[in-house]
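**Student:** Protein chains in written order, with our numbering: chain H, 1 to 269; chain U, 1 to 351; chain X, 1 to 258. Just so you know, even glycine gets a beta-carbon here, dropped at the ideal spot from N, CA and C. Remember, it's a predicted structure, so these values are computed and weren't measured experimentally.
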């Protein structure tokens, strides 16, 4: 009596036809461009194309900066999510709106704003440059900064939702057993929120990997230092279509290689 | 020893309570939903600060707003068994029990070994490695109990400890709980809305209604003289204690014997009997009832359209009859009357 | 069921009307007889062509014409034309880009209409202390070029080669406007842009000439596209750009005669 599908009576299947049709449309909409890409790929030359330094540099840079941006977002984003979900400080809804802003802003606008803040003549960047000579634009750290800026909301909102959904009574139980606030946070809250932290991290990483507008505006474009995969694809589109397609395929392959194994784990809850 | 004077407002509820629980005593806070029972418990545990009053355990002040004292829950010598047990889902039963010791700085191995001893004591040795969702209700309750007791609290609080169980299992688990509670020497305060729980587990009842205590006393005293309609409705149950003297016969302390319908669950039993099931007669009844005795009316109490008759005799209990029956039988204090109970109306619980 | 169909009909008709008006789009003529003209121009031509467009529309012969200037990196525009974008006129920053479009049969008879020199641009006040092209190899300076894929970038690299300088480049911007904006904002110490860009930036930027032997002159061709939605307007606009009046306007923006 467990979970076997009942045989259809009168031709009615479990899923309504209309729903299936629309769902198929949605899937096709995503699949067709992918198929077009595969169909136009320069399969013969793919090996050689992919091994060119410009591709290897872009891929290595993309992967390291996306990872670094995710790590940074986890470090500051999880505490922020906790404050938004659990604390009773005033101004939380304002803070939440602020954190959502990079999601809503066009990435190029985000990049421009980052320049005004951290560029050589920026609000904070200027004094720091004068004092130390350190500068974010035109460096790989600038790429990390741009990625973190656009990807942070994905992490914070996902983790906040996960924390809200968690059972706060378990935290009370831990308190009555003698757990300090830090122990409660570490052993109960974080453990419960772990799935949403993973999900948020994956979304954050994926967003950072694909980031283009803010990166090109803020960090610039230089092979090996700030030219990420999306930038390389964009520029290759104008001069060398085949290389562009090859680069796109590499990016898609790498993304799938990370996302598919995690597919059951990165839905929060 | 718990001494608590609690003044607390939470939403619509205004709690204004003075209570004490002595070491070695099991007290039950009983009352309707929304009366404030769980709130009182949570305040004692420190999950809710008082607005006024004072909570003291063994002389140590835990909460005193006027003096600016508030001890965090983690530092109170109080153990808490929650209604849904709230076992940590990702930890095994063993690690759940060991949790409190780990919080106190015990090493993992030492904490686990001590936890193992506790589990064994409660008959859960072979459940140690299981996750909470693999445990039955009764097992989960024992794990929650061990988890709370392992830290050697001075006071144990239990919030509706049997509510999460289904009715069929409750009697068995209830009697086990009574045995396990008896091994703890501090004060025990439990909250329940089930009168049988209160009657079986507690030495003293505290009736809480609308944020105030309306009656205090032993279960028998409260049952015999309910001070409010709620209590009367709720504890409108007679509870008689006795020993089995046959497969279906119970001998009470007075020597009287009552016959029940089903085989008895154990050597020591409590018999529950609704007052409405006690029939009163002028003459000794013929026919079926095997439980029949000559009783003396001690007191009459009119309640809405019923009258509660307290009876003394071989069996001390309360009967509930109509005013017409009172008139017909000529029931007054001191009057003598035959009382009978059908075997099938007596429910036996293991004790 | 019939009732539902009838109620749905007006909604469907409305939807169809919306789709048709969005997708159809009369690029060539409107009902009122005004002519719309779409001009794809290199990024460096943005300001000049905006002025040319306004002047053309104001001219007595082309009363009521609406000129839309789409400016971007020349190679980006080329790709869009090859993909079938509905443009009337194409004015890239070098002949090579135009030749590719001609070779695909999308344009014919390109004519040169302006020339532009390269120039080193530095932010006002010259914070990097750049004097001449040789200074661009200093790794301490923040130097920007256009990406090699765009004419400005390939020409700049030719000029650097000729001058024998290995520039320490920190960024290759996607088009010359982006590069100019960064220099104006002081994000970079120097970059190689067109003279027209230096002029257009006004006070925000100072220009430094390249040595005579190293400089490269970009020649801009212009052509009407073969599948232009508005062929008459395209031809007229091309003629206007190459006319005396057009030359004068272009000179005002720093362009030279071809």
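1. Can you pull the chain U neighbours of residue 178(H), defined as C-beta to C-beta under 7 Å?
2. Buried or exposed: which applies to residue 299(U), given that a residue is buried once 16 or more other Cβ atoms fall within 10 Å of its Cβ?
3. Which bits of chain H does residue 187(X) rub up against, with CB to CB less than 8 Å?
4. To the nearest angstrom, how far is the alpha carbon of residue 240(H) from that of residue 238(X)?
5. Using C-beta distances below 6 Å, list every residue in its chain close to residue 92(H), excluding the 5 sequence neighbours before and after it, in chain order.
6. Nearest chain U C-beta to residue 169(H) closer than 8 Å, yes or no?
7. State the Cα-Cα distance for the pair residue 316(U) and residue 263(U), rounded to the nearest angstrom.
8. Taking the continuous beta strand (DSSP E) assigned at residue 310(U), which residues delimit it?
9. Taking buried to mean at least 16 other C-beta atoms within 10 Å of its own C-beta, is residue 15(H) buried or exposed?
10. Mind checking who residue 239(U) pairs with in its DSSP beta bridge?
11. Between residue 143(U) and chain H, is any beta-carbon pair separated by less than 8 Å?
12. Out of 147(H), 233(H), 259(H) and 263(H), point me to the one whose CA is closest to residue 68(H)'s CA.
13. Count the other CB atoms within 10 Å of the CB of residue 188(U); is the residue buried (16 or more) or exposed (fewer)?
14. Where does residue 17(H) sit, in a helix, a strand or coil, going by DSSP?
15. Sorted by chain position, which residues of the same chain lie with C-beta nearer than 6 Å to residue 154(H)'s C-beta, five sequence neighbours on each side aside?
16. Go ahead and label residue 23(X) buried or exposed: buried means 16 or more other beta carbons lie within 10 angstroms of its beta carbon, across all protein chains shown.
17. When you compare the CB positions of residue 241(U) and residue 163(U), do they come within less than 8 Å of one another, or not?
18. Based on DSSP bridge pairs, tell me the residues matched to residue 36(X).
19. Who are the neighbours of residue 172(X) on chain H, taking C-beta pairs under 9 Å?
20. Report yes or no: do three or more beta-carbon pairs, one from the stretch 183 to 201 of chain U and one from the stretch 23 to 30 of chain U, lie closer than 8 Å?
21. State the beta-bridge partners of residue 6(U) as determined by DSSP.
22. Could you give the distance in angstroms between the alpha-carbon of residue 1(H) and the alpha-carbon of residue 168(U)?
23. Under a CB-based cut-off of 8 Å, is residue 183(H) close to chain U?
24. Once DSSP output is grouped into helix, strand and coil, what is the label at residue 280(U)?
25. Just checking my contact of residue 144(H) with residue 65(H) at CB under 8 Å: how many whole Å lie between their CB atoms?
26. With a CB to CB cut of under 8 Å and the five nearest residues on each side skipped, what residues in its chain are close to residue 220(U)?
27. Express the C-alpha separation of residue 184(X) and residue 109(H) in angstroms, rounding to a whole number.
28. Expressed to the nearest angstrom, what Euclidean distance is found between the alpha-carbon atoms of residue 129(U) and residue 93(U)?
29. If you drop the 5 nearest sequence neighbours on each side, which residues of the same chain put their C-beta closer than 7 Å to that of residue 331(U)?
30. Ignore the nearest five residues each way along the sequence and tell me which others in residue 180(X)'s own chain have a CB closer than 8 Å to its CB.
31. Once the 5 residues before and after residue 149(H) are set aside, which same chain residues still bring their CB inside 7 Å of it?
32. Taking 8 Å as the cut-off, decide whether the C-beta atoms of residue 251(X) and residue 98(X) are in contact.
33. Within the stretch 57 to 129 of chain H, note down every full alpha helix (DSSP H) run reaching 4 residues or more, in order along the chain.
34. If you check the beta carbons only, do residue 119(X) and residue 195(X) fall under 8 Å apart?
35. Tell me the rounded alpha-carbon separation between residue 63(U) and residue 3(U).
36. Against chain X, which members of the stretch 203 to 218 of chain H pass a CB distance test of less than 9 Å?
**Tutor:** Reading off the structure:
1. For the purposes of this step, residue 178(H) is taken as residue 178 along the first chain, with counting starting at 1. The answer, in chain order, is 74, 100, 103, 104 and 151.
2. Against the second chain, residue 299(U) aligns to sequence position 299. Exposed: under 16 other Cβ atoms inside 10 Å.
3. Here residue 187(X) is taken as the residue at index 187 of the third chain, counted from 1. Under the 8 Å cutoff, chain H gives 115, 119, 120, 121 and 137.
4. Taking the first residue of the first chain as 1, we reach residue 240(H) at position 240. Taking the first residue of the third chain as 1, we reach residue 238(X) at position 238. Distance between the alpha carbons of residue 240(H) and residue 238(X) is about 30 Å.
5. Position 92 of the first chain, counted from the first residue, corresponds to residue 92(H). Here the set comprises 84.
6. Position 169 of the first chain, counting from 1, holds the residue named residue 169(H). Cβ-Cβ to chain U under 8 Å: yes for residue 169(H).
7. Against the second chain, residue 316(U) aligns to sequence position 316. Against the second chain, residue 263(U) aligns to sequence position 263. Each residue's alpha carbon lies about 23 Å from the other.
8. Walking along the second chain from the start, residue 310(U) turns up at place 310. Counting along the chain, the beta strand (DSSP E) containing residue 310(U) begins and ends at 306 to 312.
9. The residue you call residue 15(H) lines up with position 15 of the first chain. With fewer than 16 other Cβ atoms within 10 Å, it is exposed.
10. Walking along the second chain from the start, residue 239(U) turns up at place 239. Note: residue 239(U) sits in a beta bridge opposite 272(U).
11. Counting from 1 along the second chain, the entry for residue 143(U) is found at position 143. No, its Cβ sits nowhere closer than 8 Å to a Cβ of chain H.
12. Indexing the first chain from 1 puts residue 68(H) at position 68. Looking at the Cα atoms, 147(H) is the closest of the given residues.
13. Residue 188(U) sits at position 188 when you count from the first residue of the second chain. With 16 or more Cβ atoms within 10 Å of its Cβ, residue 188(U) is classed as buried.
14. Here residue 17(H) corresponds to residue number 17 of the first chain, with the count starting at 1. Three-state result, residue 17(H): helix.
15. Position 154 of the first chain holds residue 154(H). Answer for residue 154(H): 203, 204 and 207, listed in chain order.
16. Within the third chain, residue 23(X) is the residue found at index 23, counting from 1. Below a pLDDT of 50, predicted positions are generally treated as unreliable, and residue 23(X), at 45, falls in that range; no measurement from the model is reported.
17. As a working mapping, residue 241(U) is identified with position 241 in the second chain. As a working mapping, residue 163(U) is identified with position 163 in the second chain. Against a cut-off of 8 Å, the Cβ pair of residue 163(U) and residue 241(U) comes out as no contact.
18. Here the question's residue 36(X) lines up with position 36 in the third chain. Paired residue(s): 66(X).
19. Position 172 of the third chain, counting from 1, holds the residue named residue 172(X). Neighbours of residue 172(X) on chain H, chain order: 220, 221, 222, 223, 227 and 235.
20. yes
21. To locate residue 6(U), count along the second chain from 1; it is residue 6. BP columns for residue 6(U) point to 17(U) and 53(U).
22. Numbered from its first residue, the first chain carries residue 1(H) at position 1. Numbered from its first residue, the second chain carries residue 168(U) at position 168. Note that residue 1(H) scores a pLDDT of 49, beneath 50, so its modelled location is shaky; the value from the coordinates is reported in the next line. Near 25 Å, if we compare the C-alpha coordinates of residue 168(U) and residue 1(H).
23. Here residue 183(H) refers to the residue found at position 183 of the first chain. Chain U, which has a Cβ nearer than 8 Å to the Cβ of residue 183(H), makes this yes.
24. Within the second chain, numbered from 1, the residue matching residue 280(U) stands at position 280. Looking at residue 280(U) - three-state DSSP - the assignment turns out to be strand.
25. Numbered from its first residue, the first chain carries residue 144(H) at position 144. Numbered from its first residue, the first chain carries residue 65(H) at position 65. Contact flag correct, Cβ pair sits at about 5 Å.
26. As a position in the second chain, residue 220(U) is number 220, starting the count at 1. Same-chain partners within the cutoff: 239.
27. Residue numbering aside, residue 109(H) sits at position 109 when the first chain is read from its first letter. Residue numbering aside, residue 184(X) sits at position 184 when the third chain is read from its first letter. Taking the straight line from one Cα to the other gives about 18 Å.
28. Taking the second chain and counting its residues from 1, one reaches residue 129(U) at position 129. Taking the second chain and counting its residues from 1, one reaches residue 93(U) at position 93. If I take the Cα positions, the gap works out to 6 Å.
29. Within the second chain, the letter at position 331 stands for residue 331(U). Excluding positions up to five away in sequence, the list reads 297, 300, 309 and 337.
30. For this step, residue 180(X) is matched to residue 180 along the third chain. Cβ neighbours of residue 180(X) beyond the five flanking positions: 121, 191, 193, 197, 200, 201 and 205.
31. Working through the first chain from its first residue, we reach residue 149(H) at position 149. Excluding residues within five positions, the ones whose Cβ falls inside 7 Å are 102, 110, 114 and 214.
32. The residue labelled residue 251(X) in the question sits at position 251 within the third chain. The residue labelled residue 98(X) in the question sits at position 98 within the third chain. No, Cβ-Cβ distance for residue 251(X) and residue 98(X) is not below 8 Å.
33. 92 to 104 and 107 to 118
34. Taking the third chain and counting its residues from 1, the one referred to as residue 119(X) is at position 119. Taking the third chain and counting its residues from 1, the one referred to as residue 195(X) is at position 195. Yes.
35. Counted from its first residue, the second chain places residue 63(U) at position 63. Counted from its first residue, the second chain places residue 3(U) at position 3. Approximately 11 Å between the Cα atoms of the pair.
36. 216 and 217
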